[in-house]
Amino acid sequence: MARAADGFHVIDAKTRRVDGKHILSAEIDYRFSERALEALENGVPLTIQVHLQVREQGAWIWDESLVDRRLRYRIRYKPLSERYLVSRLPSEDGRIFVTRQAAIAALGELNDLHLISAHHLDPQQAYEVHLRASLDIEELPLPLRPMAYLRAGWKQSTGWTRWPLTP
22 MARAADGFHV IDAKTRRVDG KHILSAEIDY RFSERALEAL ENGVPLTIQV
72 HLQVREQGAW IWDESLVDRR LRYRIRYKPL SERYLVSRLP SEDGRIFVTR
122 QAAIAALGEL NDLHLISAHH LDPQQAYEVH LRASLDIEEL PLPLRPMAYL
172 RAGWKQSTGW TRWPLTP
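Numbering (our numbering), first residue to last: 22 to 188.
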């Protein structure tokens, strides 16, 4: 049974303009379900997909986004060293942590990501940034996927968080 506190939540998200570029920083609280944490402790890597969009304010869902990026991050437990590795894919290099709590906290830190250059934005138009983070079930080992699609505790997502982007 999933705990009431399970779920992914965007704690803070903001953009700032630096040298003609819009830079994004966000903090995401990943509260993995017991099933996901059990899988992680048994050596199953968990992949998070962060979906970023820049859209004109009020755009319809079928309207094209100015930015549509999917960033992938992975947290993995290394049983032999008793350490956690957090990496941004496709690289396997990353940061190593002694505790699961520290690794999950680091996974939720998005710092200084280049979002869009200011010259791509019309100063007369209003824009929004959209952010969503979710557990990528398709990256689980094949035998685990059917269970992940059918059982509670695997479909974890922040839902869309939106905020204005000033050109």
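Here a beta-carbon is modelled for each residue, glycine too, at the ideal position from N, C-alpha and C.
When the Cα atoms are used, ILE117 and TYR105 turn out to be separated by approximately 6 Å. For PRO185, the enclosing beta strand (DSSP E) stretches over residues 182-186.
In this structure, ARG91 sits near HIS72, with a CB-CB distance shorter than 8 Å.
Contact between LEU87 and ILE137 holds: their C-beta atoms lie close to 6 Å from each other, under 8 Å.
Within the stretch 99-132, the complete beta strand (DSSP E) segments of 3 residues or longer fall at 104-109, 115-118, listed in chain order. Shown here for LEU186: same chain residues with a beta carbon closer than 7 Å to its own, the five before and five after excluded, namely THR36, HIS43, VAL75, TYR148, GLU149, VAL150 in chain order. Judged by DSSP in its simplified three-state form, LEU163 adopts helix.
Exclusion of the five residues before and after ARG153 leaves VAL71, HIS72, SER178, THR179, GLY180, TRP181, THR182 as the residues of its chain whose Cβ lies within less than 8 Å of its Cβ. Within the same chain, Cβ atoms closer than 6 Å to the Cβ of ASP157 are found at THR68, GLN70, the five residues on either side in sequence being excluded.
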